[in-house]
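Q: Numbering (our numbering), first residue to last: -6 to 447.
Below: one structure in structure tokens.
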Amino acid sequence: MLSRHADPIAAIATAPGRGAVGIVRVSSPQDLSPLILAVCGKPLRPREATYLPFRDAAGVAIDQGLALHFPAPHSYTGEHVLELQAHGGAVVMQLLLARVIEAGAGVRLAEPGEFTQRAFLNGKLDLAQAEAVADLIDASTEAAARSASRALGGALSHEVGALRDQLIQLRMLVEATLDFPEEEIDFLEKADAFGRLDRLTAQLQAVQARTRQGALLRDGLKVVLAGQPNVGKSSLLNALAGAELAIVTPIPGTTRDKVSQTIQIEGVPLHITDTAGLRDETADEVERIGVSRSWDAIADADVVLFLHDLGRVGQPDYEAEDERIRARLAGVDANRIVQVFNKTDLGAAPAGEIALSLKTGNGLEALRRRLLQTAGWQAVPEGLFIARERHVQALARTAEHLALARAIAEQRDAALDLLAEELRLAHDALGEITGAFSADELLGVIFSSFCIGK
Ligand SMILES: Nc1nc2c(c(=O)[nH]1)N(C=O)[C@@H](CNc1ccc(C(=O)N[C@@H](CCC(=O)O)C(=O)O)cc1)CN2
Ligand SMILES: Nc1nc2c(ncn2[C@@H]2O[C@H](COP(=O)(O)OP(=O)(O)OP(=O)(O)O)[C@@H](O)[C@H]2O)c(=O)[nH]1
Ligand SMILES: [K+]
-6 MLSRHADPIA
4 AIATAPGRGA
14 VGIVRVSSPQ
24 DLSPLILAVC
34 GKPLRPREAT
44 YLPFRDAAGV
54 AIDQGLALHF
64 PAPHSYTGEH
74 VLELQAHGGA
84 VVMQLLLARV
94 IEAGAGVRLA
104 EPGEFTQRAF
114 LNGKLDLAQA
124 EAVADLIDAS
134 TEAAARSASR
144 ALGGALSHEV
154 GALRDQLIQL
164 RMLVEATLDF
174 PEEEIDFLEK
184 ADAFGRLDRL
194 TAQLQAVQAR
204 TRQGALLRDG
214 LKVVLAGQPN
224 VGKSSLLNAL
234 AGAELAIVTP
244 IPGTTRDKVS
254 QTIQIEGVPL
264 HITDTAGLRD
274 ETADEVERIG
284 VSRSWDAIAD
294 ADVVLFLHDL
304 GRVGQPDYEA
314 EDERIRARLA
324 GVDANRIVQV
334 FNKTDLGAAP
344 AGEIALSLKT
354 GNGLEALRRR
364 LLQTAGWQAV
374 PEGLFIARER
384 HVQALARTAE
394 HLALARAIAE
404 QRDAALDLLA
414 EELRLAHDAL
424 GEITGAFSAD
434 ELLGVIFSSF
444 CIGK
């Protein structure tokens, strides 16, 4: 893909199918005047919508619509861009797309994300903003859309930029000092280099916290409902989803395979999976496979809700089975397991535990809050921007290098060249977020996940 940046590209920019208006878009490093003359019949005034017929090779009008010419560099991609805004029928769009590929010298179909990739390569957007374009398009909740819009506006980029500016100052100080080895430490102390490093670390931690929230908003949380047969797992899925998704019956072993649904609480997506009730002894082959899948889902979960049936708590068979499950759950990080006692209409829950009756709906709200808390969600923060796991990881690596730098600085005969190196690595890690330092491979992965025409 990267070797083909000189090609003119074209795509249908609007959603496939039937629509009131559809847009075919062309972007090219070369002047688009010949293509415009061929299809629109006359030159277009820059950035001004002109109503005219779009003509095929024989001069016959394919459609009448609005043509828009954005001469470089003042366009979305930073290249020359032509938009044909036509009636949004699937066939009209295909004909216009075929027409611009035929009439424009060297024009080829754009790959997914290629327009936005060009915007990135031409400096119109940084990498975090380009990712926000895709996240805005994919947003499924208002909170996600508003946060993606803030990231597109540069919210994350600005925070990263502020950290980077301070890091650059610190690096300059340290590298300047390398030239005067006799007085290094004194010099750095006078310049408050270590105070700067500490303040930078504190600011980085604040950005990390906001970025984690943004990533949670984008990716959500995998929640698995687990427990013995008949404890109310399917009832809980249905209650959280507000729909009858999974079959609820008094027969133990009703759910035999995973049932999943994404819900949202305060805009945070929760991917909830109901599993087959866990029991060791079952003669049913299908149920046995279901139970094995339940354990796979549990291993893959961010949060496991371990349900108990208050109608049966205390009964020896029931307790023995719960004990077996508990033993097997020992391999799962305890912070990821939430005990939930269901059927409070049948018995009292142990003090301090999450208690619920799916029959009456009691306790459901408290459980929702607890889920958000376990996820690390802190209310709806002002100015939240959407983010990705990639950003969280890059910030974590930045923090690691700053911590190493601090540790080196604390040593008596601090090796300033090592300190300088850690600061450089911190700088590189930070730069990955906005794409200042990014491998082509990474860019390929990011842009290929865009929809076509973007
Ligand atoms: N018809 C249409 N609508 C669209 C887009 C598009 O490409 N076409 N967009 C595509 O995603 C988004 C808007 N993004 C855009 C970003 C920059 C420029 C642009 O012309 N930038 C120039 C001038 C800026 C200015 O005048 O302030 C530039 O950056 O120099 C256009 C669209 C959403 N709506
Ligand atoms: N009394 C009472 N019954 C409940 C409550 N919650 C669920 N039930 C009943 O318990 C039975 C089992 O509920 P399910 O939701 O199917 O349980 P499950 O854990 O998914 O069961 P399996 O599919 O066997 O794993 C059904 O008859 C429900 O109506 C509750 O809070 N109180
Ligand atoms: K069930």
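Idealized CB from N, CA, C, for every residue including glycine.
Determine the burial state of Phe173: buried for a count of at least 16 other Cβ atoms within 10 Å of its Cβ, exposed for fewer.
A: Phe173 comes out exposed.
Q: Would you kindly work out how many angstroms separate the C-alpha atoms of Asp338 and Thr353, rounded to a whole number?
A: Distance between the alpha carbons of Asp338 and Thr353 is about 8 angstroms.
Q: Between Ala65, Gln206, Ala83, Ile240, which lies nearest to Gly10 when the distance is taken from Cα to Cα?
A: Nearest of Ala65, Gln206, Ala83, Ile240 to Gly10, Cα basis: Ala83.
Q: At a threshold of 8 angstroms, does Pro66 count as lining ligand 1 (C-beta to nearest heavy atom)?
A: Yes, ligand 1 has a heavy atom inside 8 angstroms of this Cβ.
Q: Hey, is the region 343 to 350 in contact with the region 254 to 274, meaning 3+ C-beta pairs nearer than 8 angstroms?
A: Because the criterion of three Cβ pairs below 8 angstroms is not met, the region 343 to 350 and the region 254 to 274 do not touch.
Q: Span of the beta strand (DSSP E) holding Gln332?
A: Where Gln332 is concerned, the enclosing beta strand (DSSP E) stretches over 330 to 335.
Q: Do you know whose CA, among Ala407, Gly446, Glu425, lies nearest Leu181's CA?
A: Looking at the Cα atoms, Ala407 is the closest of the given residues.
Q: Taking DSSP as the reference, what is the three-state secondary structure of Ala8?
A: Coil at Ala8, not helix or strand.
Q: What residues in its chain sit with their C-beta under 8 angstroms from that of Val252, if we drop five residues either side in the sequence?
A: Contacts found: Ser227, Leu230, Leu238, Ala239, Thr266, Asp267.
Q: So, with DSSP's three-state summary, where would you put Lys447?
A: Note: Lys447 maps to coil in three-state DSSP.
Q: What are the partner residues of Ser253, as DSSP defines its beta bridges?
A: Paired residue(s): Thr266.
Q: I'd like to check one pair, His384 with Ala121: are the Cβ atoms closer than 9 angstroms?
A: Yes.
Q: Given Pro46, which residues of its chain have a CB within under 6 angstroms of its CB, disregarding the five upstream and five downstream residues?
A: So the qualifying residues of the chain are Ala54, Gln57.
Q: Using a 10 Å radius around the Cβ and a threshold of 16 neighbouring Cβ atoms, would you call Ala402 buried or exposed?
A: Flag for Ala402 reads buried.
Q: With DSSP collapsed to three states, give me the class of Thr427.
A: Helix, per DSSP.
Q: Can you determine whether any heavy atom of ligand 2 sits closer than 8 angstroms to the C-beta of Leu357, and answer yes or no?
A: The answer is no for Leu357.
Q: Nearest-angstrom Cα distance between Thr255 and Glu312?
A: The alpha-carbon atoms of Thr255 and Glu312 are separated by roughly 32 angstroms.
Q: Is the CB-CB distance between Leu298 and Val333 below 9 angstroms?
A: Yes, they are a contact pair.
Q: Can you tell me whether DSSP reads Arg272 as helix, strand or coil?
A: In this structure, Arg272 counts as coil in the three-state DSSP scheme.
Q: Measuring alpha carbon to alpha carbon, tell me which of Gly356, Gly207, Ala42 ends up nearest Glu375.
A: Answer by Cα proximity: Gly207.
Q: With the cut-off set at 9 angstroms, would you say Asp295 and Leu214 are in Cβ contact?
A: Taking 9 angstroms as the Cβ cut-off, Asp295 and Leu214 qualify as a contacting pair.
Q: Less than 8 angstroms separating the Cβ of Lys352 from some heavy atom of ligand 2?
A: Yes - ligand 2 has a heavy atom lying nearer than 8 angstroms to the Cβ of Lys352.
Q: Which class does Tyr69 belong to by DSSP, given the choice of helix, strand or coil?
A: Reduced to three states, the DSSP call for Tyr69 is coil.
Q: Using a Cβ-based criterion (distance less than 8 angstroms to any ligand heavy atom), does Gln78 qualify as near ligand 1?
A: Yes; taking the cut-off as 8 angstroms, the Cβ of Gln78 has a heavy atom of ligand 1 nearer than that.
Q: Does any heavy atom of ligand 5 sit closer than 8 angstroms to the C-beta of Arg18?
A: Judged by which ligands are present, ligand 5 is missing from the structure shown, whose ligands are ligand 1, ligand 2 and ligand 3.
Q: Just tell me which of Glu107, Ala51, Ala236, Gln221 has its CA closest to the CA of Pro243.
A: Taking only the C-alpha atoms, the option nearest Pro243 is Gln221.
Q: Would you mind working out which of Gly52, Pro66, Arg317 sits nearest Asp24, comparing C-alpha positions?
A: The option with the nearest alpha carbon to Asp24 is Pro66.
Q: Between which two residues does the beta strand (DSSP E) containing Val297 stretch?
A: Run containing Val297: 296 to 302, per the beta strand (DSSP E) assignment.
Q: Counting only the same chain and skipping the five closest in sequence on each side, list residues whose C-beta sits under 6 angstroms from that of Gly283.
A: Excluding sequence neighbours, Gly283 sits near Arg249, Asp250, Ala269.
Q: Would you mind listing the alpha helix (DSSP H) stretches within the region 29 to 106 that are 4+ residues and don't spill past its ends, in chain order?
A: Listed in chain order, they are 83 to 96.
Q: In this structure, does DSSP put Gly437 in helix, strand or coil?
A: Reduced to three states, the DSSP call for Gly437 is helix.
Q: Distance check for Ala348 and Gly428, CA to CA, integer angstroms please.
A: Their backbone Cα atoms lie some 48 angstroms apart in a straight line.
Q: Looking only at its own chain, which residues have a Cβ that is under 7 angstroms from the Cβ of Ile330, when we skip the five neighbours before and after it?
A: The answer, listed in chain order, is Val297, Phe299, Leu322.
Q: When you compare only the Cα positions, how much space is there between Ser133 and Phe378?
A: Going by the C-alpha atoms only, they are around 15 angstroms apart.
Q: Roughly how many whole angstroms lie between the Cα atoms of Phe440 and Arg405?
A: Taking the straight line from one Cα to the other gives about 47 angstroms.
Q: Is the region 356 to 365 touching the region 382 to 401 in the sense that three or more CB pairs, one from each, lie closer than 8 angstroms?
A: Cβ pair count under 8 angstroms is below three, so no.
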